[in-house]
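Here the structure comes first, spelled out in structure tokens, and everything after it is commentary.
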Amino acid sequence: MSTPSTPSPDQMAIVLTESATDKLLPFATLVSGAIAMGFRVDVFASYWGLSAFRKGPSVPEVSPGHGELGARLEQALTAPKAPSWRAILEMAKSLGDLHIYACSQSMEILGFQKEELDPLVESVTGVATFIDTTRSAQITYFI
Amino acid sequence: MTGPDEPRPTPTGAPPRMVVDARGSWCPGPLMELVRVIKEEPVGTEFELLSSDEGSRKDIPIWLNKAGHQLVELRPDSGFDRFIVRKTHE
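Here the protein sequences line up with chains A and B, keeping their order.
Those letters in the first sequence? Residues 1 to 143, per our numbering, in order.
Those letters in the second sequence? Residues 144 to 233, per our numbering, in order.
Right, here's the structure in full:
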């Protein structure tokens, strides 16, 4: 039996299904932290998580039901140094090994074309391919 | 013979130092700024990173340990921390 000559890098797998800013910011933060720590990161963008990657400006949208704290977040997002989740992902991509895939089922149901998506999304992928790509990931998240 | 773009040694012989002011930037903004400039600048460069993110106090040393660069000094200031970091390898 031969063994690989170089060990696989650490890997994080994320399934993203939400589009509210209070989901996208923690998502982008996890991605960039993992990239900084030398992880390869693979993201499966599905349903509203995929809709967040449509081209054009991403309008901040805070999940309802958080009362005064939701208003506080909305206010914080207007700060001059407030991060945009896409800018965080672009920086992470420029610094490391980040792959974002569009869920093919969501593409079909929502009627999206690949050209409508931000270039951060590298390809349209079925779930089995994603599972195969991330079978050895040490860290997995569903957001 | 040295080319026009070659960095000259400073008169005091001190390593070149770059200030990265990431105050006001949210976690992990300061860390990502440091990762970016360390990638871009030559070995031997010192960085003075300013961060008001409380997470940086542990994040920056953990990352430096993993990446193999040197934390020269961590100095708390008023409302922020000052990290002196040296790039030790490519």
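The C-beta atom is built at its ideal place from N, Cα and C for all residues, glycine as well.
With a contact defined as Cβ atoms closer than 8 Å, LEU77/A and PRO60/A qualify at about 5 Å. Listed along chain B are PRO171, LEU174, MET175, VAL178 and TRP206, each with a C-beta nearer than 8 Å to that of ALA36/A. THR129/A: member of the alpha helix (DSSP H) spanning 127-133, first to last residue. In this structure LEU69/A is exposed. Its beta-carbon is surrounded by fewer than 16 other beta-carbon atoms within 10 angstroms. When DSSP reads this structure, VAL15/A sits in a beta bridge with PHE44/A and PHE142/A.
In this model, ALA13/A and SER194/B are separated by some 29 Å (Cα to Cα).
In this structure, PRO185/B keeps its C-beta atom at 8 Å or more from the C-beta atom of THR29/A. When C-alpha distances from HIS66/A are compared across ALA20/A, MET91/A, SER46/A and ASP97/A, the shortest belongs to ALA20/A. Annotation: LYS201/B to VAL228/B spans about 14 Å, alpha carbon to alpha carbon.
In this structure, LEU177/B sits near LEU192/B, with a CB-CB distance shorter than 8 Å. ASP224/B sits in a strand when the DSSP states are folded into three classes. The continuous alpha helix (DSSP H) containing SER94/A extends over residues 85-95.
Interface annotation, GLY33/A: in contact with chain B, CB-CB separation under 8 Å. Judged by DSSP secondary structure, SER194/B falls within the beta strand (DSSP E) whose first and last residues are 189-194. In the structure shown, the three-state DSSP call for GLU108/A is helix.
Counting of Cβ neighbours within 10 angstroms places PRO173/B among the buried residues, the total reaching 16 or more.
By the criterion of a C-beta distance shorter than 7 Å, SER8/A is surrounded in its chain by SER136, once the five residues flanking it on both sides are discounted. Under the criterion of beta carbons closer than 8 Å, SER46/A and SER94/A do not qualify as touching, at roughly 25 Å. Taking 8 Å as the cut-off, the beta carbon of ALA92/A is found closer than this to the beta carbon of SER32/A. Under the three-state reduction of DSSP output, ASP164/B falls in the strand class. Interface with chain B (8 Å Cβ-Cβ cutoff): THR21/A is excluded. DSSP, reduced to helix, strand and coil, places VAL121/A within a strand of the structure shown.
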